[in-house]
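Chains as they are written, first to last, in full-length UniProt numbering: chain Z, 1 to 410; chain G, 1 to 410.
Comments concern the structure below.
Protein chains: 2
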Amino acid sequence: MSTAVSPLAPKSLPTLPPVAGVRLATAAAGIRYTERTDVLLATFAPGTSVAGVFTRSRCPSAPVEWCRDRLAGGSIGALVVNSGNANAFTGKNGRAATALTAELAAAAVGCSESEVFLASTGVIGEPLDARKFEGVMSRLAADAVEDGWEAAARAIMTTDTFPKLATRSVEVSGRTVTINGIAKGAGMIAPDMATMLAYVATDAAISAQALQALLARAADRSFNCVTVDGDTSTSDTLMAFATGAAGNAKIASADDPALAAFAAAFESLLIELAQLVARDGEGARKFVTVEVSGAESEASARRIALSIANSPLVKTAVAGEDANWGRVVMAVGKAGEPADRDRLSIRFGDVRVAVDGERDPAYDEALVSAYMKNEEILIAVDIGLGDGFARVWTCDLTEGYIAINADYRS
Amino acid sequence: MSTAVSPLAPKSLPTLPPVAGVRLATAAAGIRYTERTDVLLATFAPGTSVAGVFTRSRCPSAPVEWCRDRLAGGSIGALVVNSGNANAFTGKNGRAATALTAELAAAAVGCSESEVFLASTGVIGEPLDARKFEGVMSRLAADAVEDGWEAAARAIMTTDTFPKLATRSVEVSGRTVTINGIAKGAGMIAPDMATMLAYVATDAAISAQALQALLARAADRSFNCVTVDGDTSTSDTLMAFATGAAGNAKIASADDPALAAFAAAFESLLIELAQLVARDGEGARKFVTVEVSGAESEASARRIALSIANSPLVKTAVAGEDANWGRVVMAVGKAGEPADRDRLSIRFGDVRVAVDGERDPAYDEALVSAYMKNEEILIAVDIGLGDGFARVWTCDLTEGYIAINADYRS
């Protein structure tokens, strides 16, 4: 497997400040490989609110079911994430492994088992030996520090070629609060769910209910707008934590005006993390934004945009720096959404290639070919029927994707 | 672009006998490349019945619209198919090109323009200069012969690496009749439509209405069960012709018992052609059959089977000879159909790898790894909920697919 960093990776990693009330530690528990950091423990101050959105897979992993069942409690004491094994499709053993992991974490951290949240990422179907956590959990809890964000982002990587981190600072009711986020994910990425693993923590005081509403809304405009290969993981998890350490008057509703700036910063952080995932798409060499306007509705625009973003033929054309807009027409046609061929127009960047259902009379192959050499490509389609708009992000499809996925498990 | 023949191609091409009432001729009209056979003319005896099923794309090509509008007439005099240009997304010019082509063919063959059927395959969005047919049409009509089937199959190829032909001989009301079929297609192949270009001709006497019913039913069990990349062409066309030259009493209904053997042979021929398309999937090295049983309904089984067959992660795992059944679980989960993780079982060939939602207790990695080295792979999933069954065919996803599609247009 190639370990070269994606050419679309940010030139430098941001430095994340501490989030008061959150401590992080990582260790090598030998889940799948020895000598490789593969477990993250995060501990949270008492009373930290928790929210989460999870995969819509009908075959979710054991940790996803564990988290879903405990979300109503509204508070978190510890988060345990391991890489190397997804603990998915592992039956009764899988459920036992989640229970044992939670028991170990609760004892080490000193919280209730129902306040432990879990995630596992890696191979599906291999039994997870949770006893391996036994040897490291106490030390993790003792070692946890406030400035461990980059190490945390690295510990949850699988086929990722770079760690994914983002941070924001914003005012809530006169207090300056921090929002930190980390994510992992490079393949088996598609929307229609809360994609891959991503964790966002803030020291703002926000109720679990408000945080959940905020998270669901922002997920829809960020992680649910990114796709690498249209495949949906059994383990996708996006969680948010609010420790309250900043000391603002606790916000009870996502629509509280005092939360407006926070909500905007929160959403932009999630978009940044989601885009980092597309930028690390397996084998990616180009970052692609697909914009669909003029659809009959926002939902229709989104389905058309995803049909384009998921089309292997569109993605290979981008890889080949070929402005093959005929394949964009194909992808619009197969989306099954209202479309009138004779009203379609298509742009690559600022270059209009098709209008009113035909090649643009001013079509200039040299101009559009030059545009396709860029590392960031915009494909913009106007359906010409209504006001529906959507924007999604993806990457190109290269030989690298095949090489990575044809030998991932072996 | 590689021109090596797919390793999954049949070892030899069948020799197709004549179908009385059908004559074929090919020529190099210079549609896109010079000196390359790129146009097929088929002529039909007066009174030949016609049936067709076409792409469900919302942005169909001009020839698809032309054919749909004329199908109700029920009879065909001539068929013109060109490769090199799809005449899709070509607006008014595209419609004018179909009209001119039909006019030229009707004059050359001596039939009505409304009895001319058309198809174009190749690049989307380039205007098709139908005047190029003018120089070749009369000669094509004069040269047409009954034994031109292999040449016809070759003339409609684009990225195909081998011509696709099949034949059957069967009794209808005491007369022996022939069924011949040809097809083209290698990428931009997905079901939910009548896939790619395929033409089936017989000398049996069958009404257009009966032929249409027969064709729609058989398409659903053949071409609609094959997928290469999940992409849906703007031009997909499957047509059937019945000349009546065999002299059987004309069959008026697809359910006529006299047609039973014919219907079975017709369907098996369509399945053979559809499988040939998957065997020529761009870059394919393995032929994959996906069987889903125990789903809540046949439709549900089919959606799950297609979710597996279209998953890039499943297809790259097969390419890597990796029995990565976790990805099969993932694809079942993302299909959105009823499924209960704890009832799933999965086989690769005869090797059961998972049962009751866990890895098979008798799982033998060496055994299943050996199986994955085969050129033909069966992935069988039992959902454990009901009686719904479906079978679809696909191929693996290799670097070859990327290489072909990243530089197809250039």
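Glycine is no exception: its CB is placed at the ideal position from the N, C-alpha and C atoms.
These numbers come from a predicted model, not from an experiment.
- Task: To the nearest angstrom, report how far apart G:V288 and G:T101 are at their CA atoms.
- Result: 39 angstroms
- Run through DSSP, which three-state label would Z:A105 get? helix
- Item | Cross-chain neighbours of Z:G339 in chain G, by beta carbon under 8 angstroms | For the record, residue 339 of chain Z in the displayed sequence is Ala; it is not Gly. Here the neighbours are R58 and C59.
- Item | When Z:E126, Z:A45, Z:T37 and Z:A29 are compared against Z:S61, the one with the closest alpha-carbon | Z:E126
- Query: At a Cβ cut of 8 angstroms, what residues of the region 357-381 of chain Z count as close to chain G, listed as they run along the chain?
  - Reply: G357, E358 and R359
- Message: DSSP three-state label for Z:F266, please.
- Response: helix
- Quick one: what does DSSP say Z:V64 is sitting in, helix, strand or coil? helix
- 4-residue-minimum alpha helix (DSSP H) runs that sit fully inside the region 142-203 of chain G, ordered along the chain: 149-155
- Run the CB neighbour count on Z:V145, radius 10 Å, all protein chains shown included, and call it buried at 16 or more, exposed below. exposed
- Query: Comparing the C-beta of Z:F241 with each C-beta of chain G, is any distance below 7 angstroms?
  - Reply: no
- Please determine, among Z:T234, Z:V392, Z:P338 and Z:L238, the residue with the shortest C-alpha to C-alpha distance to G:G336. Z:T234
- Kindly indicate which three-state DSSP category G:M372 falls into: helix, strand or coil? coil
- Message: If I measure Cβ to Cβ from Z:V53 and keep anything under 7 angstroms in the same chain, skipping five residues before and after, which residues do I get?
- Response: A194, L215, A216, A219 and L238
- Task: Could you check the C-alpha separation between Z:V381 and Z:P361 for me, to the nearest Å?
- Result: 17 angstroms
- Query: Who are the near neighbours of G:S6 in its chain, counting only those whose CB is closer than 7 angstroms to its CB and skipping five residues on each side?
  - Reply: T161, F162, R279, D280 and A284
- Message: With a threshold of 7 angstroms between beta-carbons, can Z:K334 be considered close to chain G, or not?
- Response: yes
- Neighbour-count burial assignment, G:T34, 16 or more Cβ in a 10 Å radius: exposed
- Message: So if I threshold CB-CB distances at 9 angstroms, which residues from the region 83-101 of chain G count as touching chain Z?
- Response: A86, A88, F89, T90, G91, K92, N93 and G94
- Query: Closest to Z:R154 by CA distance: which of Z:A254, Z:G326, Z:V39 and Z:S114 is it?
  - Reply: Z:V39
- Query: G:R32 by DSSP, collapsed to three states: which one?
  - Reply: coil
- Message: Across the region 244-254 of chain Z and the region 290-309 of chain Z, are there enough close Cβ pairs to call them in contact, namely three or more that are closer than 8 angstroms?
- Response: no
- Element boundaries [alpha helix (DSSP H), containing G:E298]: E298 to N310
- Just checking my contact of Z:N93 with Z:R175 at CB under 8 angstroms: how many whole Å lie between their CB atoms? Z:N93 to Z:R175, Cβ: 46 angstroms. No contact.
- Message: Can you tell me which residues form a DSSP beta bridge with G:D382?
- Response: G:S293 and G:S345
- Message: Is the beta carbon of G:A27 closer than 7 angstroms to that of G:L211?
- Response: no
- Taking only beta-carbon atoms, is Z:N248 less than 7 angstroms away from chain G? no
- Cβ atoms of G:A295 and residue 411 of chain G: under 7 angstroms apart, would you say? Since the first residue shown for chain G is 1 and the last is 410, residue 411 of chain G is missing from the structure and cannot be characterised.
- Any residues in the region 121-134 of chain G with a beta carbon nearer than 9 angstroms to a beta carbon of chain Z? Which ones, in chain order? V123, I124, G125, E126 and P127
- Query: chain G beta carbons: is any one of them nearer than 7 angstroms to that of Z:G386?
  - Reply: no
- Quick one: give me the first and last residue of the alpha helix (DSSP H) that G:R352 is part of. Per DSSP, G:R352 belongs to no alpha helix (DSSP H); it is in the beta strand (DSSP E), V351 to V355.
- Assuming Z:V172 and Z:A204 make a contact with CB atoms under 8 angstroms, what is their CB distance in whole Å? 5 angstroms
- Item | Status (buried if at least 16 other CB within 10 Å, exposed otherwise) for Z:K11 | exposed
- Query: What are the partner residues of G:I251, as DSSP defines its beta bridges?
  - Reply: G:I206
- Task: Tell me, to the nearest whole angstrom, how far the beta carbon of G:V290 is from that of G:V226; I am working on the premise that it is less than 8 angstroms.
- Result: With 8 angstroms as the limit, G:V290 and G:V226 do not qualify as a contact, their Cβ atoms being about 11 angstroms apart.
- Message: My assumption, with CB atoms under 8 angstroms, is that Z:R347 sits in contact with Z:D356. Please give the rounded CB distance.
- Response: Their Cβ separation, rounded to whole angstroms, is 14 angstroms, which puts Z:R347 and Z:D356 out of contact at 8 angstroms.
- How would you call G:R131, buried or exposed, if buried means at least 16 neighbouring beta carbons within 10 angstroms? exposed
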